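Report on the following structure.
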Amino acid sequence: MTSRNLNQTWRDVVFSQYEADHAADVPFPIRYLIFADQWKRDIFIEVPTKIHPPVYRRAVLDFVKTHRDAEDPKFEGEFIKVRARIRWKDRVEQEGEQAKQAAAEGGTAGLGSDEGKQPVAESGAVGLEGEKPVEG
Numbered sequence: 006m007t008s009r010n011l012n013q014t015w016r017d018v019v020f021s022q023y024e025a026d027h028a029a030d031v032p033f034p035i036r037y038l039i040f041a042d043q044w045k046r047d048i049f050i051e052v053p054t055k056i057h058p059p060v061y062r063r064a065v066l067d068f069v070k071t072h073r074d075a076e077d078p079k080f081e082g083e084f085i086k087v088r089a090r091i092r093w094k095d096r097v098e099q100e101g102e103q104a105k106q107a108a109a110e111g112g113t114a115g116l117g118s119d120e121g122k123q124p125v126a127e128s129g130a131v132g133l134e135g136e137k138p139v140e141g
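Going by my numbering, the first residue of the sequence shown is number 6, and it counts up by one from there.
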């Protein structure tokens with residue numbers, strides 16, 4: 006009878022994938038996206054140049070060791086760079102804050118704005134350039 010443990014941590018997954026990529030001689034830089042349960046979010050692991058798998062393994066373990074209790078997994082070492090992926094809700098909140106700041110400064114956010122469009126008459130309907138005419 007054969008028995009195998011199929012449970013893997015995110016580190017096991019990136020180690021085995023890097024070894025496969027290294028053996029297949031894929032072009033560098035390489036960027037991996039994986040969910041890291043320690044931070045409960047997706048992280049990017051960037052490998053700018055080709056290094057031997059044991060060196061990669063040591064670099065990842067050094068990152069985990071130094072950032073185990075950190076709130077933000079941002080790390081830049083000699084061989085790898087790690088950063089958190091920006092969540093959709095964080096991006097929306099950030100864009101909303103930028104729009105509020107722009108409006109407070111007297112500017113517009115630029116998203117969905119009609120600035121720079123000229124009124125054009127088409128088929129008797131008045132609309133903005135680039136928009137379909139309003140039909141009644």
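Beta carbons: idealized from backbone N, C-alpha and C, even for Gly.
Note that the coordinates shown come from a computational prediction; the quantities given were computed from them, not determined experimentally.
Contact annotation, G82 with A104: C-beta distance approximately 36 Å; criterion of less than 8 Å not satisfied.
Remark: C-beta atoms of A89 and D77 approach each other more closely than 8 Å. In the three-state DSSP reduction, D26 falls in the helix class (H, G or I). Of all C-beta pairs linking the segment 95-104 to the segment 52-63, fewer than three are shorter than 8 Å, placing the two stretches out of contact. Remark: C-beta atoms of T54 and F33 approach each other more closely than 8 Å. Following the DSSP letters along the chain, one finds A75 in no alpha helix (DSSP H), marked with neither H nor E. Looking at the DSSP output, L38 bridges to F49. Residue state for K55 is assigned as coil, using DSSP reduced to three classes. Rounded to the nearest angstrom, the gap between the Cα atoms of Q22 and E102 is 38 Å.
In this structure, the alpha-carbon of L11 lies about 11 Å from that of D17. If you ignore the 5 residues before and after E51, its C-beta comes within less than 7 Å of the C-beta of P34, R36, I85 and K86, all in its own chain and listed in chain order.
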